[in-house]
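Residue numbers (our numbering), protein chains in the order written: chain A, 1022 to 1265; chain B, 118 to 377.
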């Protein structure tokens, strides 16, 4: 029955679903796992960097992307769709800056990206994006982690996983997560969560990690404004060495 | 005469210690003809920020409405009030959008930031911002305002002293400018109260009284004495002004009893 309604995105099925979005979520579930964890003083996002062949030069592959100095994002699903969304998110952030001379707070940028993704579920001749995003940022309200789905809905999370291994990873995180976690612990937890479903050898070149916050970053006197950065392979190696 | 001078008017802003004040005159004219003597040019954007617009009156009115729209949308989207420096950039970008067919206004943004430190920013009609630490003036009586502000302003003025300084400055300057005057509106905000204290008639009444008739000053002195319970010699103009601000209702009585 739903086959009749599955070809046209902009038609509801009798059961009240937009079947194309369901299929888009299936595409996401086939992508490699990504993790996001919010700590008291920062946020970490991480993903596997699985190359189809050892001949691929994976230093050129960027899965964790900087959107603006206070916001970064990672995905699960189709890489090319992610590239398009990264460009749109970066442009939205710069457009905001041109008007207000400051970068957008995380929630505002997430709304922008989500409304772009929603547009592609209500227009003619387009298909939804085949990615779920984990967007992390640190603004005056504090650290924030958001997930955005192909439908355009978004939620804030304390810790989340998307992609192939998301069910097991979320169960794992539910046990491991506590509200008092600091950024260092969060990075550690993110790595071991990734390791749970990892196929093959996990080393500093096969995972990508991005962090914002930690240490003396924050808002207020005597603190530096937090900046999103990707961990270098050397830094990842240090973290991996601490894991048995 | 340039189109910026057609309707006349001035706006002045001054920074003090954890407080800021912005003032405008109340004249609205059509060249030499005065049409209204109650056209203040200030807009309260948030609890702690103000924008004042001098220049063509239709653009003043339109931009007040335009910025009300932007500020309300900002408040609903971001779930917080806009900061004064952010507002200043918003005003600047809005003006620059019309770079080749500009709004004929020269605004001043004044407010307290999240640490309650004063922020002042003057702009030209296409959005060039100048963030002064002391005072900022725009309008037909700009030169006169800068002239009187320079000696009157000092760093770290308390709210009452700031109020007096800005009031004296705007009244003296508008007296020397034919295109502005007919009283002033002073909005000031300080750390302790995030609501502004508007004193349109108290100030104008007091200063007009000073100019018109010395006798009426005596009446005010007596009144002030009664209210503050000080000996007559101690009562200075500054005390009277402070008293007049705090007891506007009483002051109206005095003014009406003086037959103004």
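Glycine included, C-beta positions come from ideal geometry on N, C-alpha and C.
Open item on the list: Please identify the residue among 1170/A, 1235/A, 1227/A, 1193/A whose C-alpha is closest to the C-alpha of residue 1046/A.
Closed with: 1170/A
Task: Alpha-carbon spacing of residue 242/B relative to residue 300/B, whole angstroms - done: 25 Å
Task: Residue nearest to residue 189/B in terms of C-alpha spacing, selected from 175/B, 207/B, 173/B - done: 207/B
TODO: Taking only beta-carbon positions, decide if residue 187/B is within less than 7 Å of chain A.
DONE: no
Task: CB-CB length for residue 275/B against residue 121/B, believed under 8 Å - done: Not confirmed; about 34 Å, so no contact.
Task: Interface flag, residue 163/B vs chain A, CB-CB below 7 Å - done: no
Open item on the list: For the beta strand (DSSP E) containing residue 1175/A, name the first residue and the last one.
Closed with: 1175 to 1177
Task: Cβ pair residue 1100/A, residue 1164/A closer than 7 Å - done: no
Task: Beta-carbon separation (whole angstroms), residue 1126/A vs residue 1030/A, contact threshold 8 Å - done: About 31 Å separates the two Cβ atoms, so there is no contact after all.
Task: Cβ distance (whole Å) where residue 1124/A is taken to contact residue 1114/A below 8 Å - done: 6 Å
Open item on the list: Can you tell me where the alpha helix (DSSP H) holding residue 1217/A begins and where it ends?
Closed with: 1204 to 1217
- [ ] Starting from residue 1137/A, follow the alpha helix (DSSP H) in both directions and report where the run begins and ends.
- [x] 1127 to 1140
Task: Opposing strand residues paired with residue 1238/A [DSSP bridges] - done: 1245/A
Open item on the list: Below 8 Å on C-beta distance, what does residue 1122/A contact in chain B?
Closed with: 202, 203, 206
TODO: Report the residue from 134/B, 231/B, 140/B whose alpha carbon sits nearest the alpha carbon of residue 255/B.
DONE: 140/B
- [ ] Please name the residue in 1111/A, 1122/A, 1036/A, 1095/A whose C-alpha comes closest to that of residue 1251/A.
- [x] 1095/A
- [ ] Tell whether a beta-carbon distance below 7 Å holds between residue 262/B and residue 129/B.
- [x] yes
Open item on the list: What does the alpha-carbon distance come out to for the pair residue 313/B and residue 1206/A?
Closed with: Bear in mind that the predicted position of residue 313/B carries a pLDDT of just 31, short of 50, making it too unreliable to give a figure here.
Open item on the list: Quick check: what's the CA-CA separation for residue 133/B versus residue 1144/A?
Closed with: 54 Å
Task: Between the CA atoms of residue 1237/A and residue 211/B - distance to the nearest angstrom - done: 36 Å
Open item on the list: For a quick check, are the C-beta atoms of residue 1156/A and residue 1131/A less than 7 Å apart?
Closed with: yes
- [ ] Examine chain A for any beta-carbon lying closer than 7 Å to the beta-carbon of residue 248/B, and answer yes or no.
- [x] no
Task: Cα-Cα separation between residue 267/B and residue 281/B, rounded to whole angstroms - done: 14 Å
Task: Nearest neighbour of residue 257/B, chosen from 270/B, 269/B, 246/B, 292/B [CA to CA] - done: 292/B
Open item on the list: Taking its Cβ as the centre, do 16 or more other Cβ atoms sit within 10 Å of residue 214/B, making it buried, or is it exposed?
Closed with: exposed
Task: Cα-Cα separation between residue 325/B and residue 147/B, rounded to whole angstroms - done: Per-residue confidence for residue 325/B stands at a pLDDT of 33, beneath the threshold of 50, marking its modelled position as unreliable; the derived number appears in the next sentence. Cα to Cα, residue 325/B sits roughly 24 Å from residue 147/B.
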